[in-house]
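Take a look at the structure below.
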Amino acid sequence: MQNSAICEESFFFVRIEAVCTGPALTCAPDADVVEVARLMQGNDSTAIVVVEDGTPVGIFSIRDLRKLIADSGGAIAGCKVRENMGHGLITIRRQDYVFDAVFKMARHNIHNLGVVDDEGKLVGVISDTDLLKIQTCTPLCLHQEIEAAHSIDQLQALGVRLLDMVRFTISTGIDTKSVVQLISRFNDAITLRLIALLESTEGIRLPEGATYLVLGSGGRSEQTLCTDQDNAIVCIDDLSPEKLRDVERFAARLVDALEEIGIPRCPGNIMASTPQWRHSLTEWKQLLDQWITVPTPEHMLNFGMFQDLRSLHGDETLGIQLRDHIRDAVQRHAFFFPNMAGHVVRFPPPFTMFGRIRVEPGGEHKGKVDLKKTGIFAITGGASLLALEAGIIGGSTWEKLELLGKRGVLESGDLETIVEAFTFLTRLRLQWQLRELSANGKPTNHVDPLVMTDKERDQFRQALNGVNTFLWIFRDHYLLDFFST
Numbered sequence: 249m250q251n252s253a254i255c256e257e258s259f260f261f262v263r264i265e266a267v268c269t270g271p272a273l274t275c276a277p278d279a280d281v282v283e284v285a286r287l288m289q290g291n292d293s294t295a296i297v298v299v300e301d302g303t304p305v306g307i308f309s310i311r312d313l314r315k316l317i318a319d320s321g322g323a324i325a326g327c328k329v330r331e332n333m334g335h336g337l338i339t340i341r342r343q344d345y346v347f348d349a350v351f352k353m354a355r356h357n358i359h360n361l362g363v364v365d366d367e368g369k370l371v372g373v374i375s376d377t378d379l380l381k382i383q384t385c386t387p388l389c390l391h392q393e394i395e396a397a398h399s400i401d402q403l404q405a406l407g408v409r410l411l412d413m414v415r416f417t418i419s420t421g422i423d424t425k426s427v428v429q430l431i432s433r434f435n436d437a438i439t440l441r442l443i444a445l446l447e448s449t450e451g452i453r454l455p456e457g458a459t460y461l462v463l464g465s466g467g468r469s470e471q472t473l474c475t476d477q478d479n480a481i482v483c484i485d486d487l488s489p490e491k492l493r494d495v496e497r498f499a500a501r502l503v504d505a506l507e508e509i510g511i512p513r514c515p516g517n518i519m520a521s522t523p524q525w526r527h528s529l530t531e532w533k534q535l536l537d538q539w540i541t542v543p544t545p546e547h548m549l550n551f552g553m554f555q556d557l558r559s560l561h562g563d564e565t566l567g568i569q570l571r572d573h574i575r576d577a578v579q580r581h582a583f584f585f586p587n588m589a590g591h592v593v594r595f596p597p598p599f600t601m602f603g604r605i606r607v608e609p610g611g612e613h614k615g616k617v618d619l620k621k622t623g624i625f626a627i628t629g630g631a632s633l634l635a636l637e638a639g640i641i642g643g644s645t646w647e648k649l650e651l652l653g654k655r656g657v658l659e660s661g662d663l664e665t666i667v668e669a670f671t672f673l674t675r676l677r678l679q680w681q682l683r684e685l686s687a688n689g690k691p692t693n694h695v696d697p698l699v700m701t702d703k704e705r706d707q708f709r710q711a712l713n714g715v716n717t718f719l720w721i722f723r724d725h726y727l728l729d730f731f732s733t
């Protein structure tokens, strides 16, 4: 996990401003302890800064409250903060590092620090409890807890912890590619642990001679927080009827269990529990040939989802054979690539004829833009198709774009523009999904340009122009304007 995101060591080199919960909670010295305790409870805070005439004069913490209760035998009614607070607030600058906070707390034998800005103004408080919570968001800690989980309920809770880790990694400035790979790897780890639990607790397992495949963004290892199930199963041709029933049972239970831990079903039923997505190796090859040679909208949609397959559990050689078949089959059909390219360019960036950003006029997402449909899809689908034509199958969109640049399919200047556009749109998608989750909502792929800052809106427009650059190159490469005339 060290290459994908923060490790235990790098946690200490995170800046305080990335982990400080602000603004600071404050009270007056003569405030009633009971009322202050209620205020702390309501704000999920372990400490409150005591301010007199605009100046911090002390801090009242949960430890001070516990000591008061113990010393008074619980008779705290009428007690004031002034007599029970810790005097002198030790501060730390928000641009300092976590390790500075750790050593400052140890040196002064304290549990809370005030966080100040460049002008010395109090902007928040950070406690040793906060640091402990943050440290448990590191990949190593979370991965160990996933491996130790012994129930579906525990895995569901760890899925929530994954959100905390993603929020933390984004706040620390970790690059977007690493964040989405991190999400995908932990989704893999949770799924594999779930598979192990189904076998150990329910006796349900995938028999030998079969493999469980993840498709789409899961296959590319670039999942975000709005991910549903896209999976399939391939079996050897001579699997016995009894084992085929075991495969069906495994698929149905796993899809149900994934839903139980918070990974929703695919609205299009692209799941191993559906017979259409559960076949023998020969049947899959025949189906792929049909998708490639008969370019209906459904076939192209299915192929686009399936081509990024990745074996997650079981006999990996079956997945390799399917990839080899795809690579060979598409080269035998000259019109496959322009047909598939036409499917990719269906959703251009949402610009009006006057260059303004077009938003959805009504419905649930009125006033918003679908990032996946009008920006990200064109680059992921287009990069996969160009890579497939070059004999490259599998890997992330970033990896495919890099290889396309090395092979001269994309010029260096265009490549930089396209990568920057894809990276920005993916990060924006993650940030908005986190915002929606923080508001107790459901994560979507939609953003509201009116809520963006001027800088964000300019970057958004620039990224959409980058998508247009890619589509112009893509259309020219496959002569789409010629085929459409």
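First residue of the sequence shown? That's 249 in my numbering, and the numbers climb one at a time after it. Every residue, glycine too, gets a C-beta built ideally from N, C-alpha and C.
Buried/exposed call for residue i, threshold 16 Cβ in 10 Å
i           : result
residue 559 : buried
residue 693 : buried
residue 485 : exposed
residue 353 : buried
residue 457 : buried
residue 359 : buried
residue 351 : exposed
residue 250 : With a pLDDT of only 37 at residue 250, under the threshold of 50, the placement of this residue in the model should not be trusted; the figure read from the coordinates follows. By the 10 Å Cβ count, residue 250 comes out exposed.
residue 332 : buried
residue 337 : buried
residue 644 : buried
residue 720 : exposed
residue 387 : buried
residue 622 : buried
residue 424 : buried
Same chain, Cβ closer than 7 Å to residue i, neighbours up to 5 away in sequence not counted
i           : result
residue 550 : 539
residue 443 : 502 and 561
residue 460 : 454, 479, 481, 520, 560, 561 and 562
residue 535 : 527
Nearest-angstrom Cα separation, counted from residue j out to residue i
i           : j           : result
residue 391 : residue 575 : 35 Å
residue 411 : residue 682 : 8 Å
residue 569 : residue 663 : 31 Å
residue 476 : residue 309 : 42 Å
residue 599 : residue 673 : 16 Å
residue 498 : residue 447 : 9 Å
residue 469 : residue 433 : 7 Å
residue 256 : residue 636 : Here the model assigns residue 256 a pLDDT of 49, short of 50, so the residue's position is not dependable, and the following value carries that caveat. So the alpha carbons of these two residues sit roughly 38 Å apart.
residue 587 : residue 431 : 33 Å
residue 609 : residue 724 : 31 Å
residue 283 : residue 265 : 29 Å
residue 271 : residue 395 : 37 Å
residue 523 : residue 612 : 32 Å
residue 572 : residue 625 : 24 Å
residue 548 : residue 529 : 20 Å
residue 437 : residue 590 : 36 Å
residue 481 : residue 603 : 45 Å
residue 578 : residue 633 : 10 Å
residue 647 : residue 585 : 20 Å
residue 315 : residue 420 : 36 Å
residue 652 : residue 660 : 10 Å
residue 554 : residue 464 : 7 Å
residue 583 : residue 669 : 29 Å
residue 399 : residue 319 : 42 Å
Chain-order list of residues whose beta-carbon lies under 6 Å from that of residue i (same chain, five-residue window excluded)
i           : result
residue 462 : 479, 558 and 560
residue 491 : 455
residue 617 : 598, 607 and 695
residue 722 : 630
residue 288 : 296
Sheet register partners of residue i (DSSP bridge)
i           : result
residue 599 : 605
residue 581 : For residue 581, which the question treats as bridged, DSSP gives no partner whatsoever.
residue 561 : 460
residue 339 : 362
residue 528 : 483
residue 328 : 280
residue 263 : 345
residue 617 : 695
residue 334 : 307
Interface flag, residue i vs chain D, CB-CB below 8 Å
i           : result
residue 618 : Given the protein chain composition of this structure (a single chain), no chain D is represented.
Residues near residue i in its chain [Cβ-Cβ closer than 8 Å; skip 5 each side]
i           : result
residue 427 : 253, 414, 417, 418, 675 and 678
residue 615 : 607, 608, 696 and 698
residue 733 : Residue placement at residue 733 cannot be trusted, given a pLDDT of 49 that sits under 50; what the coordinates show is reported in the next sentence. For residue 733, where only same-chain residues beyond five positions count, there are no Cβ hits under 8 Å.
residue 317 : 324
residue 371 : 268, 270, 271, 272, 342, 363, 364 and 365
Residue i Cβ short of 7 Å to the ligand HEM heavy atom set
i           : result
residue 702 : As for the ligand HEM, it is missing from this structure, which has no ligand bound.
Beta strand (DSSP E) runs wholly inside the stretch 366 to 432, at least 3 long, in chain order: 370 to 375
Segments of 4+ residues assigned as alpha helix (DSSP H) that fall wholly inside the stretch 432 to 514: 464 to 468 and 489 to 508
Runs of alpha helix (DSSP H) lying entirely within the stretch 270 to 317, each at least 4 residues, in chain order: 281 to 290
Alpha helix (DSSP H) runs wholly inside the stretch 645 to 732, at least 4 long, in chain order: 645 to 654, 660 to 686, 702 to 725 and 728 to 732
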